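Chains as they are written, first to last, in the numbering used here: chain A, 1 to 256; chain B, 257 to 374. Positions of the beta carbon are idealized from the N, C-alpha and C atoms, including for glycine. Just so you know, these numbers come straight off a predicted model, no measurement behind them.
And the structure:
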């Protein structure tokens, strides 16, 4: 009886529940960051990592596709973590960033976008080939998934790929996003990720907006707008190149 | 008023995303190309212009700053709603195809940073 009232109450106030739990999680992670890791692992990085862990558990126990948001009473996470609010908040971070910095990186930004697509696509095609895939459509779809988890299904749909291959390409894209999120705070300092220009090159190369913005948030929040600026073009560039040039190249190679 | 800042942010967001959709449509693909980027440029322009004319008061600015600070909590919520379980159930090919090329990308960054420094 009381459980029924509680779960109804939580479901009716989804967004507020999500605010409260994210605040609680952030506080717990900042305490762990200070006490256990002595500030060496940022609290934001821990919070994002535990978010991914919760998403895994949520998916496992609910069988749904939206992580923790599929559990009863936690549906508000789908709204708080939606693409709409994410993009809205990312745009807000542009306040106080410099247009001059962004202009300076112009051609490197464009080069990093194209390079990012090719360097993700072809290695992934080789890996799929090693796993036994031989047809150009499946190979291209899996390669596109290695760009971002949106490029994969868009390319697969355009080429008429099998639905299991499309699911596989989304899986590859999600792994990329998770890996970029976790690896950026660990590697950031060693790869020179410390200036707005470097953040723009990094954003274009990596492409995955969710991975880039989460990774930079955990590394140095001041760099978020610069990485977001270039990565926002990456999915478009990938959707442009993968079903066209990349597909023709793969087709030519598989016929060879 | 705080709502003025939120309004400016919303206007820039809506127009910028619309431009991104139009660009994708014009290039014949079903994707938003650079919508967030256009919105950011618009926001920088508009706030810079308004500040110079003394039209942007502190409370209005706070309406924008609030959302820029909500960014990390939103990302935490986003992480918690990713389909991580499905990614794991796709097995090794999805893992390797997602992670190995990304390691290559990370290795490329120092070279690009050096190019930028020149």
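Assuming residue i is part of the alpha helix (DSSP H), what are its boundary residues?
{"i": "residue 38(A)", "result": "Residue 38(A) -> no alpha helix (DSSP H), and no H or E assigned at all."}
{"i": "residue 217(A)", "result": "209–219"}
{"i": "residue 325(B)", "result": "314–325"}
{"i": "residue 149(A)", "result": "Neither: residue 149(A) is in no alpha helix (DSSP H) and is coded neither H nor E."}
{"i": "residue 8(A)", "result": "2–12"}
{"i": "residue 87(A)", "result": "83–92"}
{"i": "residue 277(B)", "result": "258–282"}
{"i": "residue 295(B)", "result": "291–308"}
{"i": "residue 64(A)", "result": "Per DSSP, residue 64(A) belongs to no alpha helix (DSSP H) and is neither H nor E."}
{"i": "residue 80(A)", "result": "76–80"}
Which whole-angstrom value is the C-beta distance of residue i and residue j, which I expect to be below 8 Å?
{"i": "residue 173(A)", "j": "residue 166(A)", "result": "With a Cβ gap of about 11 Å, residue 173(A) and residue 166(A) do not count as contacting."}
{"i": "residue 342(B)", "j": "residue 65(A)", "result": "6 Å"}
{"i": "residue 223(A)", "j": "residue 199(A)", "result": "4 Å"}
{"i": "residue 205(A)", "j": "residue 365(B)", "result": "7 Å"}
{"i": "residue 265(B)", "j": "residue 319(B)", "result": "7 Å"}
{"i": "residue 234(A)", "j": "residue 148(A)", "result": "7 Å"}
{"i": "residue 175(A)", "j": "residue 143(A)", "result": "That belief does not hold up - the Cβ atoms of residue 175(A) and residue 143(A) are roughly 14 Å apart, past 8 Å."}
{"i": "residue 316(B)", "j": "residue 257(B)", "result": "6 Å"}
{"i": "residue 238(A)", "j": "residue 151(A)", "result": "4 Å"}
{"i": "residue 181(A)", "j": "residue 215(A)", "result": "5 Å"}
{"i": "residue 51(A)", "j": "residue 336(B)", "result": "4 Å"}
{"i": "residue 129(A)", "j": "residue 333(B)", "result": "Contact flag wrong, Cβ pair sits at about 38 Å."}
{"i": "residue 213(A)", "j": "residue 236(A)", "result": "Between residue 236(A) and residue 213(A) the Cβ distance is about 16 Å, and since that is not below 8 Å, they are no contact."}
{"i": "residue 331(B)", "j": "residue 86(A)", "result": "7 Å"}
{"i": "residue 245(A)", "j": "residue 353(B)", "result": "Wrong, their Cβ atoms sit about 19 Å apart, outside the cutoff."}
{"i": "residue 372(B)", "j": "residue 197(A)", "result": "5 Å"}
{"i": "residue 355(B)", "j": "residue 118(A)", "result": "Residue 355(B) to residue 118(A), Cβ: 17 Å. No contact."}
{"i": "residue 192(A)", "j": "residue 314(B)", "result": "About 36 Å separates the two Cβ atoms, so there is no contact after all."}
Grab me the residues of residue i's own chain with a C-beta within less than 7 Å of its C-beta, minus the 5 sequence neighbours each way, in chain order.
{"i": "residue 44(A)", "result": "217 and 218"}
{"i": "residue 210(A)", "result": "177"}
{"i": "residue 46(A)", "result": "29, 32 and 33"}
{"i": "residue 153(A)", "result": "166, 169 and 170"}
{"i": "residue 251(A)", "result": "136"}
{"i": "residue 116(A)", "result": "204, 205, 206, 207 and 234"}
{"i": "residue 350(B)", "result": "343"}
{"i": "residue 261(B)", "result": "316, 317, 318, 319 and 320"}
{"i": "residue 113(A)", "result": "204, 230, 233, 234 and 237"}
{"i": "residue 49(A)", "result": "182"}
{"i": "residue 39(A)", "result": "33"}
By Cβ distance, which residues of its chain are closer than 6 Å to residue i, with the 5 residues on each side in sequence left out?
{"i": "residue 225(A)", "result": "93, 94 and 97"}
{"i": "residue 247(A)", "result": "140"}
{"i": "residue 137(A)", "result": "159 and 161"}
{"i": "residue 109(A)", "result": "200, 204 and 230"}
{"i": "residue 71(A)", "result": "58 and 62"}
{"i": "residue 299(B)", "result": "268"}
{"i": "residue 11(A)", "result": "73"}
{"i": "residue 75(A)", "result": "14 and 69"}
{"i": "residue 188(A)", "result": "219"}
{"i": "residue 280(B)", "result": "287, 288 and 289"}
{"i": "residue 54(A)", "result": "68"}
{"i": "residue 105(A)", "result": "197 and 200"}
Just to confirm my understanding: we take residue i, look at its own chain, exclude 5 residues before and 5 after, and list those with CB closer than 8 Å. What are they?
{"i": "residue 274(B)", "result": "291"}
{"i": "residue 80(A)", "result": "15, 18, 19 and 22"}
{"i": "residue 56(A)", "result": "67"}
{"i": "residue 283(B)", "result": "289"}
{"i": "residue 271(B)", "result": "294, 295 and 298"}
Is any beta-carbon of chain C found at less than 9 Å from that of residue i?
{"i": "residue 1(A)", "result": "In the displayed structure, chain C is absent; the protein chains listed are A and B."}
Problem set entry | Those runs of the alpha helix (DSSP H) which lie wholly inside the region 105–171 of chain A and span at least 4 residues | The region 105–171 of chain A is shown to contain whole alpha helix (DSSP H) runs of 4 or more residues at 106–130, 136–145 and 151–159, in chain order.
Exercise. What are the uninterrupted segments assigned as alpha helix (DSSP H) that are 4 or more residues long and contained completely in the region 324–353 of chain B, given in chain order?
Worked result: Here the runs fully enclosed are 327–336 and 340–345.
For this session: At 4 residues or longer, and completely inside the region 171–256 of chain A: list those alpha helix (DSSP H) runs for me, N to C.
Result: Secondary structure remark: continuous alpha helix (DSSP H) runs of at least 4 residues inside the region 171–256 of chain A, in chain order: 196–206, 209–219, 224–241 and 247–255.
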